[in-house]
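Q: Shown below is the structure under consideration.
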């Protein structure tokens, strides 16, 4: 016996959520239909509103429903300092963890020629125009420490050097609270090579 | 810094899904907005259609968008045999695992007076009316082996006896592939007390 078409349809649609397989999708569908129909209606409404209204900030590409995001619009932000990240989630993680007071630039991905993601898809032309305009004095490269993330950082660093923008990369090493024994060798060799004077 | 209101709203709405905490809700929201807007629109549509159209089967209370579900409407099902379960998910689990050819009755819960769930909320009046009508000759109690599930099975069994309906309870014991060493003591004492002659 199969589920009735609308229930099957809902189960299939729930699979678009990351980390949701067939069993959890089924559990979610039954939960919503049996116990939380107001929640399901609210979720549908939130999805429609977000899909229709949330776009990218014209300056930094952060997800926002305004033309310019709160960070770029804030007069308290130092617009000569720019942190470059791969995704909007990275911005929120950094905002929560640090007292960074500059602006951001969200690449919405990383260079990955095999997937057809080149400099254009990442908005690097727009980034270079901002370097050329001379407002940005310093950038912090906070792309992920993956092969593509490193290549992206490298590419942007070269662009920045051409425009005499000071460039730094966030530190990579053993995470706080981690144990050397359980850290992968790539991280450990990074941490070793990037050691600092201890005073 | 906070998320923009529509994004925060979407994150909050995603929390209505079972097993989704603040971090996964955030991950889901960003995934949908960055990478799968068609999927998000499809999900919103499926939610609205399911909430608006899926109701309970008038005979067995299974979730369906028709007045009578496929099982109750099927001429190949033995209507004198009825399996009583707590939730629609149980029906699908049994349909997949067994070749049961009777009909079902879905309680949509279990007796739980503290939560205000009594015989009325479980549709037991309707169930008793069906016993009284005489069509049902035999029931299989497949409520969960929890305290409330057992109490519910007990209550329904008494109702069935009054109407001379043959009653059985699904077997409880060590699960297939399980190891005695790791099975909890309640299950083990059940399995021991419910042992069967071995031929």
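Residue numbers (our numbering), protein chains in the order written: chain A, 1 to 199; chain B, 1 to 199. A virtual CB, placed ideally from N, CA and C, is assigned to each residue, including glycine. Quick caveat: nothing in here was measured; it's all calculated off a predicted structure.
What whole-angstrom Cβ distance do residue 142 of chain A and residue 90 of chain A have, given they're in contact under 8 Å?
A: Taking the first residue of the first chain as 1, we reach residue 142 of chain A at position 142. Taking the first residue of the first chain as 1, we reach residue 90 of chain A at position 90. Going by Cβ atoms, the distance from residue 142 of chain A to residue 90 of chain A rounds to 7 Å, so yes, they are a contact pair.
Q: Is residue 3 of chain A close to the ligand HEM? I mean its beta-carbon at under 7 Å from any heavy atom of the ligand.
A: The ligand HEM is not among the ligands present in this structure, which contains no ligands whatsoever.
Q: Whole angstroms are fine: how far does the CA of residue 18 of chain B sit from the CA of residue 27 of chain A?
A: As a working note, residue 27 of chain A is residue 27 in the first chain. As a working note, residue 18 of chain B is residue 18 in the second chain. The alpha-carbon atoms of residue 27 of chain A and residue 18 of chain B are separated by roughly 8 Å.
Q: Does the CB of residue 64 of chain B have a neighbour CB from chain A at under 8 Å?
A: Translated into the one-based positions of the second chain, residue 64 of chain B becomes position 64. Among the CB atoms of chain A, one or more fall inside 8 Å of the CB of residue 64 of chain B.
Q: Considering only their Cβ atoms, is the gap separating residue 102 of chain B from residue 77 of chain B smaller than 8 Å?
A: Reading the second chain from its first residue, position 77 is the one you call residue 77 of chain B. Reading the second chain from its first residue, position 102 is the one you call residue 102 of chain B. Contact: yes.
Q: Is there at least one Cβ from chain A nearer than 8 Å to residue 36 of chain B's Cβ?
A: In the second chain, residue 36 of chain B corresponds to position 36, counting from 1. So yes, residue 36 of chain B belongs to the interface.
Q: Use the C-beta contact count for residue 104 of chain B: other C-beta atoms within 10 angstroms, 16 or more gives buried, fewer gives exposed.
A: Taking the first residue of the second chain as 1, we reach residue 104 of chain B at position 104. Buried, since its Cβ has 16 or more Cβ neighbours within 10 Å.
Q: Got a sec? Which residues, its chain only, sit under 6 Å from residue 145 of chain B by beta carbon, not counting five neighbours each side?
A: Counting from one through the second chain, the residue named residue 145 of chain B turns up at place 145. Within the same chain, residue 145 of chain B has close Cβ partners 172.
Q: Report all residues from its chain with a CB closer than 6 Å to the CB of residue 25 of chain A; omit the five preceding and five following residues, and keep chain order.
A: For this step, residue 25 of chain A is matched to residue 25 along the first chain. Result list for residue 25 of chain A: 11, 14, 15, in chain order.
Q: If you count every other CB in all the chains shown that lies within 10 Å of the CB of residue 88 of chain B, and 16 or more means buried, which is it?
A: Taking the second chain and counting its residues from 1, the one referred to as residue 88 of chain B is at position 88. Flag for residue 88 of chain B reads buried.
Q: Considering only the alpha carbon of each residue, which of A:121, A:99, A:115, A:113 lies closest to residue 106 of chain A?
A: Looking up residue 106 of chain A in the first chain gives position 106. The residue with the shortest Cα to Cα distance from residue 106 of chain A is A:121.
Q: Exposed or buried, what is residue 73 of chain B when buried is set at 16 or more other beta-carbons lying within 10 Å of its beta-carbon?
A: Indexing the second chain from 1 puts residue 73 of chain B at position 73. Around the C-beta of residue 73 of chain B, fewer than 16 other C-beta atoms lie within 10 Å, and the residue is accordingly described as exposed.
Q: Using the beta-carbon of each residue, which ones in chain A are nearer than 8 Å to residue 73 of chain B?
A: To locate residue 73 of chain B, count along the second chain from 1; it is residue 73. Chain A residues near residue 73 of chain B: none, gap ~11 Å exceeds 8 Å.
Q: Under 8 Å Cβ-Cβ, which residues of chain B neighbour residue 85 of chain A?
A: Counting from one through the first chain, the residue named residue 85 of chain A turns up at place 85. The contacting residues do not exist; residue 85 of chain A stays about 12 Å from chain B at best.
Q: Whose Cβ in chain A lies nearer than 8 Å to the Cβ of residue 60 of chain B?
A: For the purposes of this step, residue 60 of chain B is taken as residue 60 along the second chain, with counting starting at 1. Under the 8 Å cutoff, chain A gives no residues; its nearest Cβ is about 13 Å from residue 60 of chain B.
Q: Going along the chain, which residues of its own chain have a beta-carbon closer than 8 Å to the beta-carbon of residue 174 of chain B, five neighbours each way excluded?
A: As a first step, residue 174 of chain B must be located in the second chain, where it is residue number 174. Around residue 174 of chain B: 180, 183, 187, 188, 191.
Q: Could you compute how far the alpha carbon of residue 85 of chain B sits from the alpha carbon of residue 152 of chain B?
A: Against the second chain, residue 85 of chain B aligns to sequence position 85. Against the second chain, residue 152 of chain B aligns to sequence position 152. Rounded to the nearest angstrom, the two C-alpha atoms are 10 Å apart.
Q: Reducing DSSP to helix, strand and coil, say where residue 84 of chain B ends up.
A: The residue labelled residue 84 of chain B in the question sits at position 84 within the second chain. Reduced to three states, the DSSP call for residue 84 of chain B is strand.
Q: Find the nearest neighbour of residue 62 of chain A within the set B:178, B:199, B:4, judged by alpha-carbon distance.
A: Reading the first chain from its first residue, position 62 is the one you call residue 62 of chain A. Among B:178, B:199, B:4, the Cα nearest to that of residue 62 of chain A is on B:4.
Q: Measuring straight from C-alpha to C-alpha, what distance separates residue 70 of chain B and residue 199 of chain B?
A: What you label residue 70 of chain B is simply residue 70 of the second chain in a count that begins at 1. What you label residue 199 of chain B is simply residue 199 of the second chain in a count that begins at 1. Cα-Cα distance, rounded: 39 Å.
Q: Find the nearest neighbour of residue 23 of chain A within the set B:167, B:93, B:157, B:119, judged by alpha-carbon distance.
A: If you number the first chain from 1, residue 23 of chain A lands on position 23. Residue 23 of chain A has its Cα closest to that of B:93, out of B:167, B:93, B:157, B:119.
Q: In the region 159–176 of chain B, which residues sit with their C-beta less than 7 Å from some C-beta in chain A, listed in chain order?
A: Cβ contacts with chain A: none found.
Q: Could you check whether the Cβ of residue 103 of chain B sits closer than 8 Å to any Cβ belonging to chain A?
A: Counting from one through the second chain, the residue named residue 103 of chain B turns up at place 103. With 8 Å as the cut-off, residue 103 of chain B does not count as an interface residue toward chain A.
Q: Counting contacts by CB-CB distance shorter than 8 Å, is residue 153 of chain B in contact with chain A?
A: In the second chain, residue 153 of chain B corresponds to position 153, counting from 1. No, residue 153 of chain B lies away from the interface with chain A (no Cβ there is under 8 Å from its Cβ).
Q: If the cut-off is 8 Å on Cβ atoms, which residues from the region 36–54 of chain A count as contacting chain B, listed in chain order?
A: 36, 37, 39, 40, 41, 42, 43, 44, 45, 46, 47, 48, 49, 50, 51, 53, 54
Q: Taking the runs of the beta strand (DSSP E) that are 3 residues or longer, which of them lie wholly in the region 75–133 of chain B?
A: 78–85, 102–106
Q: For residue 157 of chain A and residue 56 of chain A, what's the separation of their Cα atoms in angstroms?
A: As a first step, residue 157 of chain A must be located in the first chain, where it is residue number 157. As a first step, residue 56 of chain A must be located in the first chain, where it is residue number 56. Spanning the two alpha carbons is a distance of roughly 24 Å.
Q: Do you know whose CA, among A:139, A:150, A:155, A:169, lies nearest residue 81 of chain A's CA?
A: Position 81 of the first chain, counted from the first residue, corresponds to residue 81 of chain A. Among A:139, A:150, A:155, A:169, the Cα nearest to that of residue 81 of chain A belongs to A:139.
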